[in-house]
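Residue numbers (the numbering used here): 1 to 155. C-beta: ideal position from N, C-alpha, C; glycine also.
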Ligand SMILES: [Zn+2]
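What follows is the structure in structure tokens.
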């Protein structure tokens, strides 16, 4: 498959022209780019980027310097989707909420930071709400306000 790559910035006119091909015997995937090569190949024949399976693991070989015999070898097994570490967000406890409300909601429910960003008021007949985001830990929650009393103009 042939390709042409352009610079994302339109002020630069450089392009890279090349092709992607599976090596004969299906040993690897070659990415050839016109004008670029690797140490051991004739000009016009080389491929500076090579993807292969080695000892059961996927790896990328890159000849980023044509005068160096050995490529950079980048193992890709840590990029396996099955290696993704999912960090569980701890649930908010009743104790945290009580402390936050008792402190009039001026410091983060989770990390205690005072860098809180409040969203627009959302009103109904019985409640007023606004979303709050902590500028430090980026967690979000909703402040709920209730009617607690009245002030009259009677004297
Ligand atoms: Zn926070």
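- For residue 106, the CB contacts under 7 Å within the same chain, skipping 5 residues up- and downstream, are 114 in chain order.
- With a cut-off of 8 Å on Cβ pairs, the region 57-69 is in contact with the region 24-40, counting three or more such pairs.
- Sixteen is the threshold: when 16 or more other Cβ atoms of the shown chains lie within 10 Å of the Cβ of residue 50, as they do, the residue is buried.
- Distance between residue 28 and residue 22, taken at the CA atoms: about 6 Å.
- Restricting attention to beta strand (DSSP E) runs no shorter than 3 residues, the region 95-146 encloses them at 116-123, 128-134 and 140-145, ordered along the chain.
- Judged by DSSP secondary structure, residue 25 falls outside any beta strand (DSSP E); it is assigned neither H nor E.
- Counted as a single uninterrupted DSSP element, the stretch harbouring residue 45 is not any beta strand (DSSP E), since DSSP gives it neither H nor E.
- In this structure, the C-beta of residue 118 stays at least 7 Å away from each heavy atom of ligand 1.
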